[in-house]
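Report on one structure; see the data block that follows.
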Amino acid sequence: MKILKEALDILFPQCCLICGKMSDVSINKVPVCKKCLADMVLIPKYQRWQFCLSEPYKGDRYPGLPLYICFVYKGKVTDLIHRVKFGQRAELARMMGYLTGNSLKADGVFVDAVIPIPLSYGRLMERGFNQAEEMGIEISRILNVPVLTGVISRPKETKRQAELTDDSQRARNISGAFSFNPNYSVYGMTILLVDDVATTGNTLHEASSVLLENGADNVLCCAFAGNRTVKNAETY
Ligand SMILES: [Zn+2]
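In short: position in the sequence shown from 1, add 286, done, that's the numbering used here.
Laid out in structure tokens, this is it:
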């Protein structure tokens, strides 16, 4: 079997799923390359926890929600996320979950369950998979807790947050986007809410609010990458 695999590798060399050049390393069985990995900037351990909203607002019912970010959203990390979303590479999203899950585990994060940020039905049909859900499955496996995918849904079709430049537009766009499925209970639970990218934090904050309103004890947000110039924590 090993010989067959080696022969196949020579005949059909695998390409890095991020840059398309020859792969020389794999992460969680996903072929990538050392050059791409070297370009991905891991946020130092003491700067990974931030506050969820980059622009806290007066009257926020859940101020100071914690957000954990692994990588700086630039360079090859941007390419990687672009490949996931527009190249329909679900395995890359699972790799992102693998890296995030291992980072959370190494940093001693304990939760009762993982909930991925859902996509709207239209966006899910367009992409064929939910990148946050693919990440959540890997994270739940690494943290050894369940992943709950039907608890919150996204009935409202919203614009892509990245298309909106103004913070208040982003907050309005996402407001009321999520609904809670009453067939589930998150009462008393500490939930890890997962998304691929966090910029203003509005999406994670809105989904957290829905979980907290429905009995969750605590919500920790996490994202594979973030690009904010942090106003409420140390910059990186
Ligand atoms: Zn590469």
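Every residue gets a Cβ at the ideal spot worked out from N, C-alpha and C, and that includes glycine.
A quick note: this is a predicted structure, and the numbers were derived from the prediction, not measured.
Practice item. Report yes if the C-beta of Lys-445 is less than 7 Å from at least one heavy atom of ligand 1; otherwise report no. Key: For the purposes of this step, residue 445 is taken as the residue at position 159 of the sequence shown. It does not: the Cβ of Lys-445 is nowhere closer than 7 Å to a heavy atom of ligand 1.
Exercise for review: Please name the residue or residues paired with Leu-497 in a DSSP beta bridge.
Suggested key: Here residue 497 corresponds to residue number 211 of the sequence shown, with the count starting at 1. Leu-497 pairs with nothing; no bridge assigned.
Review point. Measuring CA to CA, which of Leu-390, Gly-394 and Gln-374 is closest to Phe-415?
Key: To locate residue 415, count along the sequence shown from 1; it is residue 129. Considering only alpha carbons, the answer is Gln-374.
Check your understanding: Within 7 Å: the Cβ of Ile-304 and any heavy atom of ligand 1?
Key -> Along the sequence shown, one-based indexing puts residue 304 at 18. Yes; taking the cut-off as 7 Å, the Cβ of Ile-304 has a heavy atom of ligand 1 nearer than that.
Exercise for review: Give every residue of the same chain whose Cβ lies closer than 6 Å to the Cβ of Gly-474, excluding the five residues on either side of it in the sequence, and list them in chain order.
Suggested key: Looking up residue 474 in the sequence shown gives position 188. Excluding positions up to five away in sequence, the list reads Asp-503.
Practice item. Tell whether a beta-carbon distance below 8 Å holds between Cys-338 and His-491. Key: In the sequence shown, residue 338 corresponds to position 52, counting from 1. In the sequence shown, residue 491 corresponds to position 205, counting from 1. Taking 8 Å as the cut-off, the beta carbon of Cys-338 is found closer than this to the beta carbon of His-491.
Review point. Relative to the alpha-carbon of Thr-489, which residue among Pro-402, Tyr-359, Val-395 and Leu-390 has its alpha-carbon at the smallest distance?
Key: For the purposes of this step, residue 489 is identified with residue 203 of the sequence shown, where counting begins at 1. Measuring from the Cα of Thr-489, the nearest candidate turns out to be Pro-402.
Review point. On the three-state DSSP scale, how would you describe Phe-396?
Key: Within the sequence shown, residue 396 is the residue found at index 110, counting from 1. Coil.
Check your understanding: Hey, Val-318 and Ile-304 are a contact pair by Cβ (cut 8 Å); roughly how many whole angstroms apart?
Key -> Working through the sequence shown from its first residue, we reach residue 318 at position 32. Working through the sequence shown from its first residue, we reach residue 304 at position 18. At roughly 6 Å, the Cβ-Cβ gap stays under 8 Å, so Val-318 and Ile-304 are in contact.
Practice item. Answer yes or no: the CB of Lys-315 versus the heavy atoms of ligand 1, is any distance below 7 Å? Key: To locate residue 315, count along the sequence shown from 1; it is residue 29. Lys-315 Cβ: outside cutoff for every heavy atom of ligand 1.
**Study point:** Exposure label - Ile-428; buried when at least 16 CB within 10 Å
**Key:** If you number the sequence shown from 1, residue 428 lands on position 142. It counts as buried.
Check your understanding: Does DSSP put Gln-455 in a helix, in a strand, or in coil?
Key -> Within the sequence shown, numbered from 1, the residue matching residue 455 stands at position 169. Here Gln-455 sits in helix by DSSP.
Practice item. Tell me, please, which residues DSSP counts as bridged to Tyr-524. Key: The structure shown does not extend to residue 524, since the chain spans only 287 to 522, so no value can be given for it.
Check your understanding: According to DSSP, which residues form a beta bridge with Ser-465?
Key -> Translated into the one-based positions of the sequence shown, residue 465 becomes position 179. Ser-465 pairs with Ser-439.
Check your understanding: In its own chain, which residues sit with a C-beta less than 7 Å from the C-beta of Pro-349, not counting the 5 before and 5 after it?
Key -> Numbered from its first residue, the sequence shown carries residue 349 at position 63. The residues are Pro-342.
Check your understanding: Do you know whose CA, among Pro-468, Asp-482, Ala-509 and Pro-432, lies nearest Asp-398's CA?
Key -> As a first step, residue 398 is located in the sequence shown; it is residue number 112 there, counting from the start. Comparing Cα positions, the closest option is Pro-432.
Practice item. Can you grab the Cα-Cα spacing for the pair Val-496 / Met-308, in whole Å? Key: The residue given as residue 496 occupies position 210 in the sequence shown. The residue given as residue 308 occupies position 22 in the sequence shown. If you draw a straight line from the Cα of Val-496 to the Cα of Met-308, it is about 44 Å long.
**Study point:** Ser-426 - containing alpha helix (DSSP H), residue span
**Key:** Numbered from 1 along the sequence shown, position 140 holds the residue referred to as residue 426. Where Ser-426 is concerned, the enclosing alpha helix (DSSP H) stretches over 417-429.
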